[in-house]
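Taking it in order: structure first as structure tokens, then the write-up.
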Amino acid sequence: MYKKWLITASLLSLSACASVTTTTELTQTIGQQAPAVWQSQHNGEQTLATDWLADFHDTHLTALVSEALRHNHDLLASAARIAQAQALAVSGAAARLPSVDFSARGTRNLIQNVPDTETYGATLSVSWEADLWGRIADRARAGYVNVKAAEADFAAARLSIAGQTTQAWFDLIEGGQQVALAKDDLKSRQRSSRLVERRYSRGVSSSLDVRLARSALAGSEANLALREQLLANATRRLELLLGRYPAKAIKAARTLPLLDPVAGVGTPADVLVRRPDIMAAEARLTAAGLRASEARKALLPRLSFSPTASTGGTSVADVFDLNTLAGRLLSNLAQPVFRGGALKAEIARTRAAQREQIELYANLVLRAWREAEDALDGETYLARREAALNVSTTEAREAETLAIREYGRGVGSIFEMLDAQRRRISAESQFIAASKERAANRVRLHLAIAGEFKTQAVKTAANVNEDTSL
């Protein structure tokens, strides 16, 4: 199935030299070859979810995403690129209209012993090319298609910023939980160290036990310092996404969100018409086809007009002698120009550029499907991993309690107690990380399928009005 689709894409790329491949045809071809359902393990519905952000049931998170969409500088830069593309499109379309330049001049003789004389003149230049073959129109259309690509890039950036902010919030929550766990570990090590010191003072434990307990305590202190540093870094990453000064001022929630069963994932074909990066690639493919068409038409004869006329005299009225000016313009009206030679190299370049866009488009579609399949598989595997680590954590806690009790009674060794404590902390840390990874994977899934989310309305610096959903 996929091999057939790739062959189709290759044939389209080869035919690009002869004709402009439309993205509609390419999209339809890919859509017909897309699987009817996702191949990964999941029980999600084929209908699309309407608001994945609300599924996390976290109003603070929704507020943070809204703030990021207002103030994130990468997003504002993407919006500014829309304005640039619009200006370039208008500039390119202006070539279809005549260009008129008018200049006036006046001189006066100030040389001594020479009678004062004044002269006046004006020059009128007109240039215009008759778009006989639609070459200039192709260039203009390519410019406006680039605007669509820039708008799709902005939509992709908006979705990405929402996803990055959500994942950064989950990273912050995980960081807070890891710090709390490290503090709990430190307290546990301190209690164990005091127990060992008491036993040593009574002559029950050896100095080896004391050294091992102190080493474990110092290791817990070092781990706490590391976890606090990672939490500070995670806080600043989130603040950067929000456009705030990285002051380490945001406080994380205590727990990660409880995840509902995955639903509303749609079909592989839905991805082709929903993901903004794919829509941007389609637009660039269209623009590449138009530029290839423009290059081919540049070999055809051009009918252009570039007349220039001047008037002048000893009075200002001579400058505005329209009869003289018009007569001189008409006398230079027809100036056909034909160009060739180097234009063939430009045709080859634009054809290669079109083939490049086709291959990039094909690779992007496959990558989008892979991202969705990976995330759907992750829903199954990460849930299993989280459940197993939950059992591991529970058993490790019980083992730690027994090991400490037996060491206090003198029937257990220091090695058993320290190992039990280490295992419990490791199990809990892995459980926290797995829970965060499962939540982050849910975000990756919605990014892969370009799921909708709702926030407050946003107006960017480039006057790009956004809906309340994407």
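Convert by adding 1250 to the 1-based position in the sequence shown; the result is the number in the working numbering.
Every residue gets a Cβ at the ideal spot worked out from N, C-alpha and C, and that includes glycine.
**Q.** Pairwise C-alpha distance: aspartate 1459 and alanine 1430
**A.** 27 Å
**Q.** Identified DSSP bridge partners for aspartate 1434
**A.** DSSP output for aspartate 1434 lists no bridge partner at all.
(Q) Just to confirm the assignment: which complete alpha helix (DSSP H) runs, minimum length 4, are found wholly within the region 1640–1698? (A) 1664–1698
Q | Which listed residue (Tyr1657, Asp1381, Thr1415 and Asp1305) has its alpha carbon closest to that of leucine 1321 | A | Reading off the sequence shown, one finds histidine at residue 1321, where the question assumed leucine. For the residues Tyr1657, Asp1381, Thr1415 and Asp1305, the minimum Cα distance to histidine 1321 belongs to Thr1415.
Q.
Only counting the same chain, and skipping five residues up and downstream in sequence, which positions put a Cβ closer than 6 Å to that of arginine 1694?
A. Ala1625
Q: Evaluate alanine 1711 with the Cβ neighbour count: other Cβ atoms within 10 Å of its Cβ, from every protein chain shown; 16 or more gives buried, anything less gives exposed.
A: Caution applies to alanine 1711, whose pLDDT of 40 falls short of 50 and renders its modelled position unreliable; the model cannot decide the point.
Q: Run the CB neighbour count on glutamate 1609, radius 10 Å, all protein chains shown included, and call it buried at 16 or more, exposed below.
A: exposed
Q) Buried or exposed: tyrosine 1495, going by 16 or more other Cβ atoms within 10 Å of its Cβ? A) exposed
Q | Whole-number beta carbon distance between isoleucine 1682 and glutamate 1424, since they are thought to touch under 8 Å | A | 6 Å
Q. Going by Cα to Cα distance, which pick from Pro1507, Leu1540 and Arg1688 is closest to glutamine 1607?
A. Leu1540
Q. Can you give the Cα-Cα distance for phenylalanine 1703 and alanine 1299, rounded to whole angstroms?
A. 9 Å
Q. What do you reckon, are the CB atoms on leucine 1491 and alanine 1318 nearer than 7 Å?
A. yes
**Q.** Through-space distance from alanine 1689 to leucine 1481, alpha-carbon basis
**A.** 18 Å
Q: Pull up the DSSP beta-bridge partners for arginine 1391, would you.
A: Partner(s): none; arginine 1391 has no beta bridge.
Q | Three-state class that DSSP yields for phenylalanine 1352 in the structure shown | A | strand
Q: Return the chain-ordered list of same chain residues with a C-beta closer than 6 Å to the C-beta of alanine 1345, the five sequence neighbours on each side being excluded.
A: Ile1386
Q: Give the secondary structure of valine 1376 by DSSP, where H, G and I count as helix, E and B as strand, and everything else as coil.
A: strand
Q: Enumerate in chain order the residues of its own chain whose CB-to-CB distance from serine 1455 is below 8 Å, with the five nearest sequence positions on each side excluded.
A: Val1446, Arg1449 and Ile1664
Q. Taking the Cβ atom as the reference point for each residue, do serine 1353 and threonine 1373 lie within a distance shorter than 7 Å?
A. yes
Q: Sort Asp1510, Ala1432, Ser1375 and Ala1327 by Cα distance to phenylalanine 1306 and report the nearest one.
A: Asp1510
Q: Have a look at the DSSP bridge pairing and note the partners of valine 1454.
A: Valine 1454 is not bridged to any residue.
Q: Give the single residue among Arg1546, Leu1474, Arg1674 and Gly1662 whose Cα lies nearest to the Cα of aspartate 1388.
A: Arg1546
Q: Below 8 Å on the Cβ atoms is my guess for serine 1737 versus glutamine 1671; work out the distance and round it to an integer in Å.
A: Nothing about residue 1737 can be read from this structure; the chain reaches only from 1251 to 1720.
Q: Drop a sphere of 10 angstroms on the beta-carbon of serine 1316, count the other beta-carbons inside from all chains shown, and report buried for 16 or more, exposed for fewer.
A: buried
(Q) Let's test the definition: count the other Cβ atoms within 10 Å of the Cβ of glycine 1393 and tell me whether it reaches 16, buried, or not, exposed. (A) buried
Q: Quick one: measure Cβ to Cβ for valine 1515 and isoleucine 1699, integer angstroms, because I've assumed they're closer than 8 Å.
A: 6 Å
Q. When you compare only the Cα positions, how much space is there between leucine 1311 and aspartate 1669?
A. 38 Å
Q) Whose C-alpha, out of Ala1329, Asn1691, Arg1634 and Arg1534, is nearest the C-alpha of arginine 1605? A) Arg1534
Q.
For glutamate 1489 and leucine 1314, I'd like the C-alpha separation in whole angstroms.
A. 10 Å
Q | Residue ranges of each beta strand (DSSP E) within the region 1447–1519, 3 or longer | A | none
Q: Measure the beta-carbon distance from glycine 1371 to arginine 1355 and round it to whole angstroms, keeping in mind my assumption that it falls under 8 Å.
A: 5 Å
Q | Alpha carbon of glutamine 1440 to alpha carbon of aspartate 1434, nearest angstrom | A | 10 Å
**Q.** Test item: CB-CB of leucine 1422 and threonine 1485 under 7 Å
**A.** yes
Q: Could you confirm whether any beta carbon from chain D is found closer than 7 Å to the beta carbon of tryptophan 1378?
A: Included in the structure is just one protein chain, with no chain D present.
Q: Have a look at Arg1692, Arg1659, Ile1411 and Leu1467 and flag the residue whose alpha-carbon is nearest the alpha-carbon of serine 1443.
A: Leu1467
Q: Pull up the distance between the alpha-carbon of leucine 1508 and that of glutamate 1629, whole angstroms please.
A: 14 Å
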